[in-house]
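Protein chains in written order, with my numbering: chain S, 5 to 379; chain U, 290 to 590. For each residue, glycine too, the CB sits at the ideal point set by N, CA and C. What you are looking at is a predicted structure, and each value in this text was computed from that prediction instead of being measured. Contents: one structure, followed by commentary.
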Amino acid sequence: MKKKINIKESFIYGLIGIATLFTIGILVFILGFIFSKGLPHVDLYFLTSQFDSTSAYVDVKLSEGSQNPLGLILEETTIKEKGSKEKKVIVIKEIEDTSLVEDAINNKGQSLPLGEKDIINRVNGVNVEGKSVEDVNQILNNLSTDTVTMRITKPGGGIFPMIMTTLMMIGLSLLFSVPIGVFAAIYLVEYAKPGKFVNLVRFATESLAGIPSIIYGLFGMILFVMTLNLGYSLLAGALTLSIILLPVIIRQTEESLKAVPDSYREASFGLGANKIYTITRVVLPTAVPGIVVAIILSIGRIIGESAALLLTAGTAAKIPGSLLESGSTLTVKAYTVAKEEANIELASAIGSVIIIIIIILNALSKFISKKFSKI
Amino acid sequence: MEKDMKLDKKNELKEKLAHYLFLFNATVAIISVAAIAFFVFYRGLQPFIPGNAEGNYNLIDFLSGLEWRPSLGKFGILYMIVGSLLATFGAIILGVPVGILTAIFIAELAPKWAKKIIKPAVEMLAGIPSVLYGLFGLGVIVPWIMQISPQAQGQSLLAVIIVLMIMILPTVITITESAINSVPDAYREGSFGLGATKLYTIFKVVLPAAKSGILAGVVLGIGRAIGETMAVMLVAGNLIAGLPKSIFSPIRPLTTNIAMEMSYAFGLHQEMLFATGVVLFVFIILINLILSRITRGSVLK
Chain S
5 MKKKINIKES FIYGLIGIAT LFTIGILVFI LGFIFSKGLP HVDLYFLTSQ
55 FDSTSAYVDV KLSEGSQNPL GLILEETTIK EKGSKEKKVI VIKEIEDTSL
105 VEDAINNKGQ SLPLGEKDII NRVNGVNVEG KSVEDVNQIL NNLSTDTVTM
155 RITKPGGGIF PMIMTTLMMI GLSLLFSVPI GVFAAIYLVE YAKPGKFVNL
205 VRFATESLAG IPSIIYGLFG MILFVMTLNL GYSLLAGALT LSIILLPVII
255 RQTEESLKAV PDSYREASFG LGANKIYTIT RVVLPTAVPG IVVAIILSIG
305 RIIGESAALL LTAGTAAKIP GSLLESGSTL TVKAYTVAKE EANIELASAI
355 GSVIIIIIII LNALSKFISK KFSKI
Chain U
290 MEKDMKLDKK NELKEKLAHY LFLFNATVAI ISVAAIAFFV FYRGLQPFIP
340 GNAEGNYNLI DFLSGLEWRP SLGKFGILYM IVGSLLATFG AIILGVPVGI
390 LTAIFIAELA PKWAKKIIKP AVEMLAGIPS VLYGLFGLGV IVPWIMQISP
440 QAQGQSLLAV IIVLMIMILP TVITITESAI NSVPDAYREG SFGLGATKLY
490 TIFKVVLPAA KSGILAGVVL GIGRAIGETM AVMLVAGNLI AGLPKSIFSP
540 IRPLTTNIAM EMSYAFGLHQ EMLFATGVVL FVFIILINLI LSRITRGSVL
590 K
């Protein structure tokens with residue numbers, strides 16, 4: 005009889021252990037999958053280059069004091085273009101110090117420095133695709149002028165525009181939502197008496213927290229994109245996001261305001277300070293770490309958001325030139341790359357960057373709340 | 290004396306202004322909820338109101354239709370509702386036991402060092418964006434299902450269930466854990482005092498006492514599962530018509546219907562997508578009502 009219970013107990017312990025291991029295991033599996041597929045593609049070039057490849061004609065002066073006519077060391081590689089076969093191209097492998105390709109000028113007179121990995125398509129009107137490095141060097145060595153006109157292709161494949169869009173989206177959404185959220189929390193903690201209004205605000209924030217992001221996307225699209233005619237834009241996306249962030253900011257700020265001891269307020273009042281002075285000079289400064297944590301959590305939420313942005317900010321893979329231009333954040337791009345191009349490697353590379361950012365944010369918020377929780 | 294009074298007046302005005310500023314910002318949340326509900330319902334119900342500029346569609350046909358072919362003017366979403374509900378149901382059936390058992394381990398059994406590993410892991414799971422869950426599903430789960438599936442593709446109800454089950458874990462775990470933690474120690478001591486074993490205490494004393502909190506976690510999990518879009522879109526298959534016949538059939542949840550076609554839809558097609566949003570929103574409202582009933586119940590206790 006006793007043994008039977010023990011078997012049953014150890015069975016249940018086993019189940020609990022398996023469930024916990026499953027939870028941890030799945031996390032390790034997901035992170036392992038994304039990092040192993042993605043991290044090999046993440047390097048400085050990936051982080052700092054444009055996403056789309058661009059071609060242009062540039063004029064370059066020949067460099068002096070170098071064996072190589074342009075101060076460039078070239079190599080052959082094969083690239084695979086979308087929807088076409090692999091082809092051999094000449095790319096820039098290294099740029100020597102004496103090279104003047106930094107001062108290259110495009111046919112509109114703008115500066116367009118060449119960089120490593122750029123593909124050389126044409127030299128003075130001669131198509132060099134499929135030619136060997138020797139052939140190209142020979143063309144370059146036999147030039148009669150001191151400038152050469154080349155058609156080059158910057159290969160793209162980087163995520164710099166998405167990083168910039170993400171940063172802009174973070175800045176803009178926080179600009180809207182932090183003041184509203186913090187002021188709302190001040191009202192709830194410092195002014196409001198318990199009653200119908202407070203309950204209504206609480207109900208509203210809870211409801212906001214429970215609305216899925218696709219519904220926010222629909223709302224943002226109907227109101228901001230269509231009714232207010234902002235189009236798919238940074239601004240429409242940020243306005244939508246700022247509503248999504250409200251519950252997080254209000255709740256976190258409320259918690260940190262509540263944690264400020266009443267004795268602080270009483271001391272301030274006792275010294276003759278009025279309410280607004282007490283709030284801005286005594287209560288808020290003490291609650292700053294909590295508000296910072298709210299901001300960090302919000303940043304995490306913005307970085308992770310995709311469905312709402314898909315319907316409000318669009319999917320353009322460039323840095324938005326104004327508030328009314330479309331742009332995709334890292335996460336939205338990871339989606340379009342996975343869905344439309346079925347490119348799991350590239351999506352994982354973007355995913356690796358996202359996860360690293362989220363790990364840093366998590367650690368940061370924990371560090372701050374630990375450091376200041378003693379107040 | 291007069292100067293003092295002037296200063297007082299000025300201060301009073303400042304205080305009042307500040308008061309109204311804070312009050313106004315507190316109402317933004319309320320205004321937002323009202324605006325979201327108004328705009329989504331207003332636009333989504335247009336096709337069913339006679340005389341709509343973009344054309345009309347029969348509400349019954351919409352809710353009972355098994356085909357979504359915008360080019361033929363067919364907008365039926367019953368098979369999507371069924372798909373969404375089946376996927377959510379499956380995710381809950383698989384995910385809730387795992388979540389509750391993990392929460393029991395964290396709250397009642399784990400030594401300190403283990404807690405230090407598991408809790409951040411759960412937080413990390415909660416922080417991974419849904420697109421990346423979808424990527425994992427597409428890169429790992431879909432190919433795996435393709436090997437065992439009688440169908441030609443791995444994108445299926447089963448893939449959606451597995452991805453959603455993983456995604457609801459952090460919600461279920463965190464809420465259950467805090468519900469268990471809020472059960473007073475006196476309950477446990479009383480049970481031990483009566484000679485009960487640890488497991489008996491957990492399952493017969495602690496869990497029943499934490500019931501409403503756990504239920505709230507489950508309902509939140511349902512909300513997260515039914516509203517999930519991006520992860521699901523990558524693994525669902527998104528077929529045009531027909532109820533799922535087995536767990537290997539592709540499905541088209543309500544959420545992905547909206548997100549997939551919105552970028553190029555116009556006219557009646559676009560309004561029918563808004564209408565899909567209304568149906569989803571009704572489900573979410575129901576879930577929130579149930580949730581608030583549960584949490585209010587626990588406060589009364």
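For residue i, which three-state DSSP category applies?
i: Ala-530/U; result: strand
i: Asn-300/U; result: helix
i: Lys-322/S; result: coil
i: Asp-150/S; result: coil
i: Ser-356/S; result: helix
i: Asp-107/S; result: helix
i: Val-46/S; result: coil
i: Ser-246/S; result: helix
i: Glu-90/S; result: strand
i: Thr-27/S; result: helix
i: Asn-131/S; result: strand
i: Lys-121/S; result: coil
i: Glu-100/S; result: coil
i: Ile-22/S; result: helix
i: Thr-316/U; result: helix
i: Leu-327/S; result: coil
i: Ile-540/U; result: strand
i: Leu-76/S; result: strand
i: Phe-311/U; result: helix
i: Ile-156/S; result: strand
i: Glu-517/U; result: coil
Quick check: what's the CA-CA separation for residue i versus residue j?
i: Ile-16/S; j: Ala-23/S; result: 11 Å
i: Val-296/S; j: Met-168/S; result: 22 Å
i: Met-413/U; j: Ile-34/S; result: 11 Å
i: Ala-554/U; j: Thr-340/S; result: 18 Å
i: Gly-119/S; j: Lys-135/S; result: 20 Å
i: Val-322/U; j: Ala-208/S; result: 6 Å
i: Val-264/S; j: Val-287/S; result: 7 Å
i: Lys-41/S; j: Glu-466/U; result: 34 Å
i: Asn-347/U; j: Gly-340/U; result: 12 Å
i: Ala-353/S; j: Ala-338/S; result: 9 Å
i: Ile-379/S; j: Phe-228/S; result: Residue placement at Ile-379/S cannot be trusted, given a pLDDT of 48 that sits under 50; the coordinates are not used to answer.
i: Asp-63/S; j: Leu-350/S; result: 33 Å
i: Gly-161/S; j: Trp-357/U; result: 36 Å
i: Ser-581/U; j: Ser-217/S; result: 20 Å
i: Ile-576/U; j: Leu-569/U; result: 11 Å
i: Leu-398/U; j: Tyr-422/U; result: 29 Å
i: Val-317/U; j: Pro-117/S; result: 49 Å
i: Thr-282/S; j: Gly-416/U; result: 36 Å
i: Ile-455/U; j: Ile-515/U; result: 14 Å
i: Ile-366/U; j: Gly-354/U; result: 6 Å
i: Val-137/S; j: Glu-345/S; result: 32 Å
i: Gly-103/S; j: Leu-234/S; result: Here the sequence assigns Ser to residue 103/S, which means Gly is not the residue at that position. Roughly 46 Å separates the two Cα atoms.
i: Asn-527/U; j: His-308/U; result: 51 Å
i: Ile-348/S; j: Gly-199/S; result: 52 Å
Looking at the secondary structure, which residues open and close the beta strand (DSSP E) in which residue i lies?
i: Tyr-61/S; result: 58-65
i: Arg-285/S; result: Looking at the DSSP string, Arg-285/S is not in any beta strand (DSSP E), and its letter there is neither H nor E.
Taking the alpha helix (DSSP H) that residue i falls in, what are its first and last residues?
i: Glu-270/S; result: 266-274
i: Asn-233/S; result: Asn-233/S -> no alpha helix (DSSP H), and no H or E assigned at all.
i: Glu-344/S; result: 334-344
i: Pro-183/S; result: 164-190
i: Gln-436/U; result: 431-437
i: Phe-225/S; result: It is worth fixing the name first, because residue 225/S is Met in this sequence and not Phe. Element bounds for Met-225/S: n/a, residue is neither H nor E.
i: Pro-400/U; result: Element bounds for Pro-400/U: n/a, residue is neither H nor E.
i: Asn-278/S; result: Neither: Asn-278/S is in no alpha helix (DSSP H) and is coded neither H nor E.
Residues of the segment 412-424 of chain U with Cβ closer than 9 Å to any Cβ of chain S, in chain order: Glu-412, Met-413, Leu-414, Gly-416, Ile-417, Pro-418, Ser-419, Val-420, Leu-421, Tyr-422, Gly-423, Leu-424
Given a limit of 7 Å on CB to CB distance, which residues of the segment 301-319 of chain U reach chain S? Sequence-ordered contacts of the segment 301-319 of chain U with chain S read Lys-303, Glu-304, Ala-307, His-308, Leu-310, Phe-311, Leu-312, Asn-314, Ala-315, Val-317, Ala-318, Ile-319 [C-beta pairs closer than 7 Å].
For the segment 540-560 of chain U, enumerate the residues whose C-beta is nearer than 7 Å to any C-beta of chain S, in chain order. For chain S, the residues of the segment 540-560 of chain U that bring a beta carbon within less than 7 Å of one of its beta carbons are Thr-544, Ile-547, Ala-548, Met-551, in chain order.
Given a limit of 8 Å on CB to CB distance, which residues of the segment 349-362 of chain S reach chain U? Ala-351, Ser-352, Gly-355, Ile-358, Ile-359, Ile-362
Residues within the segment 277-290 of chain S neighbouring chain U, beta-carbon criterion of under 7 Å: Asn-278, Lys-279, Ile-280
Interfacial residues, the segment 168-188 of chain S to chain U, with Cβ spacing under 7 Å: Ile-184, Phe-187, Ala-188
Could you please tell me which residues of the segment 256-270 of chain S, in chain order, have their CB closer than 9 Å to any CB of chain U? Against chain U - using a Cβ distance shorter than 9 Å - the segment 256-270 of chain S contributes no residues.
Mind listing, in chain order, the continuous beta strand (DSSP E) runs of no fewer than 3 residues lying wholly within the segment 438-512 of chain U? Qualifying beta strand (DSSP E) stretches: none in this window.
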